[in-house]
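Going down the list, the protein sequences come from chains B and R.
Residue numbering for the first sequence follows this note's numbering, beginning at 4 and increasing consecutively.
Residue numbering for the second sequence follows this note's numbering, beginning at 4 and increasing consecutively.
This report refers to the structure that appears directly beneath it.
Protein chains: 2
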Amino acid sequence: MSDFDPQMLKGLLTLLLLSLLAERDDYGYSLVERLRAGGLGEVAEGTVYPALARVERSGYVATYHVPSDRGPARKYYRLSEAGRDELHARVDAWHRLAHVVEHFTKGIEL
Amino acid sequence: MSDFDPQMLKGLLTLLLLSLLAERDDYGYSLVERLRAGGLGEVAEGTVYPALARVERSGYVATYHVPSDRGPARKYYRLSEAGRDELHARVDAWHRLAHVVEHFTKGIEL
DNA sequence: CTAGGTACATGGCATCACTATGTAGTCGTG
DNA sequence: CACGACTACATAGTGATGCCATGTACCTAG
């Protein structure tokens, strides 16, 4: 249903992943499903896995493996202190950006 | 002051430019100043001019030149019908996206 | 004549989402 | 047992777009 301009999503995916991980530890495949259920269109796995690799390289998450009885082992991600800081910074940046966009777009629908 | 993650801006610049042009016809250099005054950080001219070239190629604007007594001739942009439609579509997409992000970020404890 | 503001434009770079593809474990059904 | 479907992770190549640096040119002030 709701399918967005891919360019509008840039940078936001990291914010959304960190938000989901702030709620609870989770693994990639499950995060994809949560993103889709949350109203983000057809998020591809090929988008999410590299994004998770980036946040891991940045030190925003730690990882651990848990075997599954429904398939291969799951790679869980846990938000680190640095990740929590980054999340708050990005939420703040998002709100500031949203206000700016609101400022520019208010009053156009006359 | 407010400097944003360049990635978060992706795709939004077109929306902001169309919004400004919905208010009134304007030229590139002036649009850069209006964006800066509106709270968007240090937007580079090298970002805005290619963006304007894109919206022109897409048929969202028509252009005309007006001589200036303070410098070279100004290239004015006027929103077309297609541009107005595109603007409304992008504003709508933005609101839907903002709603989704809000959904994912609400409930983040401090 | 030089400096600085005005005004437009381009080229190379980096980031990041998308598509397509590959690997592999588990389960239900024929 | 073979097969397809679902689960689960990962990478390579491509494209869109914002950023920086740079170039051109006009005008006014000192």
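C-beta atoms are modelled at their ideal positions from N, C-alpha and C, and glycine is treated no differently.
Of the residues the options, the one placed nearest residue i, counting alpha carbons only
i	options	result
Y63 (chain R)	R:D28, R:Q10, R:V46, R:L38	R:D28
P32 (chain R)	R:G44, R:D88, R:G49	Reading the sequence as shown, one finds Tyr at residue 32 (chain R) and not Pro. Taking only the C-alpha atoms, the option nearest Y32 (chain R) is R:G49.
I111 (chain R)	B:E89, B:D8, B:P53	B:E89
P53 (chain R)	R:G14, R:F107, R:A85	R:G14
G44 (chain B)	R:L100, R:E105, R:A92	R:L100
F7 (chain R)	B:V104, B:T108, B:K109	B:V104
K91 (chain R)	B:A92, B:T108, B:A25, B:V51	At residue 91 (chain R) the sequence reads His, which differs from the Lys that was named. Looking at the Cα atoms, B:T108 is the closest of the given residues.
Between the CA atoms of residue j and residue i - distance to the nearest angstrom
i	j	result
E2 (chain B)	P75 (chain R)	With chain B running from 4 to 113 in the structure shown, residue 2 (chain B) is simply not present.
Y30 (chain R)	L16 (chain B)	33 Å
K78 (chain B)	H102 (chain B)	36 Å
D72 (chain R)	L34 (chain R)	18 Å
A96 (chain B)	P9 (chain R)	11 Å
A85 (chain B)	H98 (chain B)	20 Å
S83 (chain R)	R60 (chain R)	12 Å
A40 (chain R)	L23 (chain R)	12 Å
E26 (chain R)	Y67 (chain B)	53 Å
V51 (chain R)	G42 (chain R)	15 Å
H106 (chain R)	H106 (chain B)	21 Å
Supposed close pair residue i, residue j - CB separation, criterion 8 Å
i	j	result
L18 (chain R)	V69 (chain R)	Not a contact, Cβ separation roughly 25 Å.
V58 (chain B)	L20 (chain B)	6 Å
V46 (chain R)	L38 (chain R)	5 Å
A65 (chain R)	R87 (chain R)	Wrong, their Cβ atoms sit about 12 Å apart, outside the cutoff.
Closer than 8 Å to chain B by CB, residue i
i	result
S114 (chain R)	This structure leaves residue 114 (chain R) out entirely; chain R is present only between 4 and 113.
A54 (chain R)	no
T50 (chain R)	no
A25 (chain R)	yes
K78 (chain R)	no
D8 (chain R)	yes
G14 (chain R)	yes
A85 (chain R)	no
L43 (chain R)	yes
Residue-chain proximity (residue i, chain R), Cβ-Cβ < 8 Å
i	result
G62 (chain B)	no
D29 (chain B)	no
V58 (chain B)	no
V46 (chain B)	no
A1 (chain B)	Look at the range of chain B in this structure, 4 to 113, and you will see that residue 1 (chain B) is not part of it.
H106 (chain B)	yes
A96 (chain B)	yes
A65 (chain B)	no
V69 (chain B)	no
L90 (chain B)	yes
V103 (chain B)	yes
L82 (chain B)	no
L34 (chain B)	no
Residue i CB to nearest heavy atom of the ligand GDP below 7 Å
i	result
L12 (chain R)	Absent from the structure shown: the ligand GDP. Ligands present: none.
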